[in-house]
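What follows is a single structure, written as structure tokens, with notes after it.
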Amino acid sequence: MSINETDDAPVYRSLPSSEFKRRVETLWSRYGECDLCAYDCGVDRTAGKLGTCQVDDTAHVSSYFPHFGEEDCLRGHNGSGTIFLANCNMKCVFCQNFETSHQAMGEPVTPDEIASMSLELQARGCHNINFVSPTHHSPHLVEAIRIARERGLDLPVVWNCGGYERVEILKYLDGIVDIYMPDVKWADDRSAALYSKAPGYWSNIQESLHEMHRQVGDLRMSDGLATGGLLVRHLVMPNHVDSGKRILEFIADELSRDTFVNLMAQYQPHYKARTEEFYADIGRRITSEEYDTLVEHGRDLGLNRLQVDRRHMPA
Ligand code: SF4
């Protein structure tokens with residue numbers, strides 16, 4: 203069977219119930235001295251204390267719907283069943299969803315309610331359940347998947363994150379998450395600290411990518427739809443082509459040349475990057491030359507599943 207055609211069942215379907223419950227309990231306990239992401243704030247979110255993600259142990263969902271803007275292998279004909287969590291464990295100054303990720307617009311939800319949303323999206327024909335900005339509420343989401351499984355969820359689960367994870371926490375997702383989809387933003391810590399407020403991002407995400415790839419391997423498809431594996435996104439940034447090159451080199455040299463990599467061209471300076479002179483370096487859209495340089499570099503490296511999409515390039 204080729205790498206592009208498999209008939210995977212969602213991995214969480216075969217996780218023993220006792221192990222599922224143990225993972226939920228362990229993750230839930232982390233709210234008390236939070237180390238759910240690479241910030242490792244150590245705050246007690248159960249007592250209302252806030253870390254960098256600026257939210258206690260109540261999860262909020264800003265929206266959920268069949269999303270047709272994701273990669274073809276996720277959206278298919280009926281859409282990717284996307285559930286947007288409010289807040290985020292990264293603080294990118296250029297975030298296009300800043301109302302959701304920085305300003306916490308959303309309704310409080312329980313794991314049971316998230317499970318119901320997942321089942322509703324399944325009933326609407328979506329091809330997967332796609333948790334956006336999941337990391338800071340991983341306990342809620344793992345419990346939601348557990349509940350939804352008992353009620354018949356049978357779709358791949360996508361972990362759509364910024365990559366600022368902790369390997370120790372990722373290990374609790376092994377056998378639960380089908381598709382890891384990190385947006386690998388920076389290959390230099392200075393830019394990560396300045397633009398995403400994520401110290402040590404590059405060394406951290408290299409470890410996380412190794413762990414994600416160890417768990418799920420290269421992206422697998424069935425009838426053109428992703429069923430499991432690693433899907434790496436990279437939002438190409440203005441004036442940071444060298445950083446993008448290092449990301450591609452890492453993927454080719456240390457993960458796999460069969461890694462599915464989506465080079466995204468749609469960067470626009472939203473939020474603070476649009477208004478603050480301090481971020482002028484990323485205060486414009488990318489050029490065709492910048493994008494093409496990265497595409498060429500990826501091909502030279504032998505990355506054979508590079509998704510190239512110039513539809514969103516500036517005219
Ligand atoms: S999820 Fe991350 S940012 Fe939020 S409190 Fe925990 S360690 Fe801090």
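Position 315, counted from 1, in the sequence shown is what our numbering calls 517; the numbers after and before it change by one each time, with no gaps.
The C-beta atom is built at its ideal place from N, Cα and C for all residues, glycine as well.
Keep in mind that this is a model prediction, so the values were computed, not measured.
What you get when you keep residues with a C-beta closer than 5 Å to any heavy atom of the ligand SF4 is CYS236, LEU238, CYS239, TYR241, CYS243, GLY253, THR254, CYS255, ASN291 and HIS338.
Distance check between GLY283 and each of GLU322, ASP246 and THR337 places GLU322 closest, using alpha-carbon atoms only. Contact between the segment 353–366 and the segment 310–324 is present: three or more C-beta pairs spanning the two stretches fall below 8 Å. Within the same chain, Cβ atoms closer than 6 Å to the Cβ of TYR266 are found at ILE285 and MET319, the five residues on either side in sequence being excluded. For PRO268, there is no enclosing alpha helix (DSSP H); the enclosing beta strand (DSSP E) has its first and last residue at 261–269. A residue is called buried once 16 or more other Cβ atoms fall within 10 Å of its Cβ, and GLY250, having fewer, is exposed.
For the options LYS447, GLU273 and GLY281, the alpha carbon positioned closest to that of TRP388 is the one of LYS447. Beta-bridge partners assigned by DSSP to VAL359: ILE331. The shortest CA-to-CA distance from ALA240 to any of VAL463, ARG368, ALA325 and PHE296 is the one to ARG368.
DSSP places GLY500 within a helical segment (H, G or I) once states are collapsed to three.
DSSP, read as helix, strand or coil, puts ASP385 in strand.
The DSSP assignment places complete alpha helix (DSSP H) segments of no fewer than 4 residues inside the segment 399–449 at 403–418, in order along the chain.
Rounded to whole angstroms, the separation of the alpha carbons of TYR214 and ASP259 is 24 Å. Taking a contact to require three or more Cβ pairs closer than 8 Å, the segment 417–427 and the segment 332–352 do not qualify as touching. Under a 10 Å Cβ-count criterion, PHE480 is classified as exposed, with fewer than 16 other Cβ atoms of the shown protein chains found around its own Cβ. Distances from the CA of ARG416 to each of SER424, GLY430, SER405 and CYS363 were compared; the closest alpha carbon is that of GLY430. In terms of Cβ geometry, LEU433 and LEU505 do not form a close pair [threshold 9 Å].
Taken atom to atom, the span from the alpha-carbon of ILE381 to that of ILE331 is near 10 Å. The beta carbon of PHE452 lies closer than 8 Å to those of ALA389, GLN408 and LEU411 in the same chain, with the five residues before and after it left out. In terms of Cα proximity to ASP425, the closest of LYS373, LEU229, VAL226 and ASP274 is ASP274.
SER340 sits close to TYR374, with the two beta carbons spaced by under 9 Å. In the structure shown, GLY283 adopts extended strand secondary structure according to DSSP, grouped into three states.
In the three-state reduction of the DSSP assignment, VAL213 falls in the helix class.
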